[in-house]
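Residue numbers (this note's numbering): 80 to 706.
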């Protein structure tokens, strides 16, 4: 608490923290609070201080809130002084059996007039009215003190000191001029009382009895009190001016500090990189909005947690077990997890925070490199597939030529063997395997060198319906296999290559049939799902194929989309690999849900817009693990 020229003002030290919300409220700050309560926070847009918001008023031009505050202090101080001084005097005289009607009347009058002041104060609406009201109260106080002094001995009264208090308050509460005028007025009134008593102008008056002091003593008392009133009025006014100037300078500095702090907060709030701070123990003390956007963690989720734990970073300890980030700046990449469980790759710079050379914690700045690393991996994968395609084309040519010759020779030999059943059976096996090998080569070529996509706007319900005819025909050739289809009522429009998607639907259906060797039901459904994409909501089309076959063991989840991986007695292991390849080319992904013995569910997820797909592809490091 600091007392200024216009009453006590609470000053708060500066403390800051970066914080959230709902998405949260993320970086906030409480700065030195000016008298009007200006504060800013990075959890919400902080308004810059308006011009003149904290402008200190001149002595003759005070704002209404300041004047009202001073009036409240003046009224409160008056009640306290009257209660203490007159109340104690009244109690003392009561113990001696003496009555003090003057004290009683002044106490009652003071309480009553204070209530009247409070009522009038509520009705004042201008600064000029408040200033005039201060003059009125000071004048009434001087009159009451004059009456009290006259009734308690005049020049000999111990209550003459009340003039000094009134002069001091008049200097501090209104301004310097009022204090000097009040001091002069008190000197005049005290001189009048002295003169009346000295010259006996009111002989035998009960209001002002003659003084017991001799002439020189009375004159000396007047001189001391009069000089005290004038000196106190002048010095109090000078002190009040100094306090006002100091307060004005402090307010200007506070205003500059507030603007600078708001500016810094705006920078941290607006920067696209994630920023956090931690104390010397490594516990997070701030988290800006960009950090929330990247990680999905609100400030309340990470406050007080170790930053190494949040970002999944485990460095080697420095000398004597210290955190190396407290010694010098470090730059590194770290693999961590989003709040929803997906993987992130962050490029991070962590530097020590120092105050006059003393470590106080650290500050970290990071960027989301997930998309960049994914694109790098995608480029390497596409380059590898391109090389594989070139190599496979050459190999296919070299294999197919002799394979065709072998198959033709076997057919000619079969015609020459006559009725030898053993020879015919062996020839049939050789011809059948040659054809199977040719089919494998064809499928591998389709995987390694897929044809260019012919993208067009299609209704996926219609594309699936066209494929269902072939799937139904295939199901009829199987034993005890049935199909249930559940199409979304609304059209599911997306930019796709319908021929490639028909191949995806066919491969998934055949894979389900193979998993239900003993019979079962294949349920095919379509729908639309709303998902979060970078803080926004987007629509994703889902086509699911659910069987009640044998299911997929957990250890095979990472392998089912790899080329040539299969658990079937027959099959090339390229069907699901081709599915993944085509869906990936459409910026989609596949979800797999399965338990051994309860079947499997494959969900093809396709974005309705290219932008949504490009952003959702980074929900995980592998397409089939993104959900």
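Ideal Cβ placement from N, Cα and C applies to all residues, glycine included.
One question on the structure: do residue i and residue j come within less than 8 Å of each other, judged by their Cβ atoms?
i           : j           : result
residue 475 : residue 524 : yes
residue 386 : residue 357 : yes
residue 425 : residue 416 : no
residue 539 : residue 573 : yes
residue 486 : residue 519 : no
residue 193 : residue 154 : yes
residue 369 : residue 354 : yes
residue 537 : residue 618 : no
residue 335 : residue 250 : no
residue 543 : residue 622 : yes
residue 196 : residue 216 : yes
residue 489 : residue 470 : no
residue 214 : residue 257 : yes
residue 269 : residue 301 : yes
residue 577 : residue 661 : no
residue 628 : residue 599 : yes
residue 182 : residue 156 : no
residue 359 : residue 408 : no
residue 266 : residue 309 : yes
residue 143 : residue 229 : no
residue 429 : residue 440 : no
residue 665 : residue 641 : no
Under the assumption that residue i contacts residue j (Cβ atoms under 8 Å), give the Cβ distance between them as a whole number of angstroms.
i           : j           : result
residue 639 : residue 624 : With 8 Å as the limit, residue 639 and residue 624 do not qualify as a contact, their Cβ atoms being about 13 Å apart.
residue 571 : residue 620 : 5 Å
residue 245 : residue 261 : 6 Å
residue 233 : residue 276 : 5 Å
residue 592 : residue 557 : 5 Å
residue 406 : residue 431 : 7 Å
residue 586 : residue 671 : Rounded, the Cβ-Cβ distance is 14 Å, inconsistent with contact.
residue 580 : residue 588 : Between residue 588 and residue 580 the Cβ distance is about 13 Å, and since that is not below 8 Å, they are no contact.
residue 383 : residue 362 : 5 Å
residue 247 : residue 311 : 6 Å
May I ask which residues mark the beginning and end of the beta strand (DSSP E) holding residue i?
i           : result
residue 630 : Per DSSP, residue 630 belongs to no beta strand (DSSP E) and is neither H nor E.
residue 407 : Counting along the chain, residue 407 falls outside any beta strand (DSSP E), and DSSP gives it neither H nor E.
residue 428 : 422-434
residue 686 : 679-686
residue 563 : 560-565
residue 438 : 437-447
residue 363 : 363-366
residue 353 : 353-357
residue 192 : Here residue 192 belongs to no beta strand (DSSP E); instead the alpha helix (DSSP H) covers 180-202.
residue 235 : Neither: residue 235 is in no beta strand (DSSP E) and is coded neither H nor E.
residue 574 : 572-575
At which residues does the alpha helix (DSSP H) containing residue i begin and terminate?
i           : result
residue 638 : From DSSP, residue 638 is part of no alpha helix (DSSP H); its letter is neither H nor E.
residue 548 : 539-555
residue 390 : Careful: residue 390 lies outside any alpha helix (DSSP H) and carries neither H nor E.
residue 707 : A question about residue 707 goes unanswered here, because the residues of the chain that appear run from 80 up to 706.
residue 381 : 378-381
Kindly list the residues whose CB is nearer than 8 Å to the CB of residue i, restricted to its own chain and excluding five residues on each side of it in sequence; keep chain order.
i           : result
residue 199 : 212
residue 479 : 517, 520
residue 391 : 413, 414, 415, 416
residue 566 : 540, 543, 544, 604, 605
residue 531 : none
residue 535 : 574, 575, 576, 577
residue 188 : 223
residue 185 : 161, 165, 223, 226, 227
residue 298 : 273, 277
Just to confirm my understanding: we take residue i, look at its own chain, exclude 5 residues before and 5 after, and list those with CB closer than 6 Å. What are they?
i           : result
residue 643 : 652
residue 445 : 353, 425, 427
residue 522 : 651, 653
residue 533 : 576
residue 304 : 239, 269
residue 678 : 626, 627, 628, 630
residue 376 : 418
residue 172 : 179
residue 675 : 630, 632
Check whether chain C comes within 8 Å of residue i, counting only Cβ atoms and requiring the distance to be less than that.
i           : result
residue 427 : As a matter of chain content, chain C is missing from the structure shown, which is built from one protein chain.
Considering only residues of the same chain and omitting the five flanking positions on each side of residue i, which have a CB-CB separation below 7 Å?
i           : result
residue 150 : 200, 209, 212, 213
residue 460 : none
residue 264 : 221
residue 590 : 654, 655
Does the stretch 507-521 come close enough to the stretch 556-574 that 3 or more CB-CB pairs lie under 8 Å? Taking a cut-off of 8 Å on C-beta distances, the stretch 556-574 does not touch the stretch 507-521, as fewer than three cross pairs fall below it.
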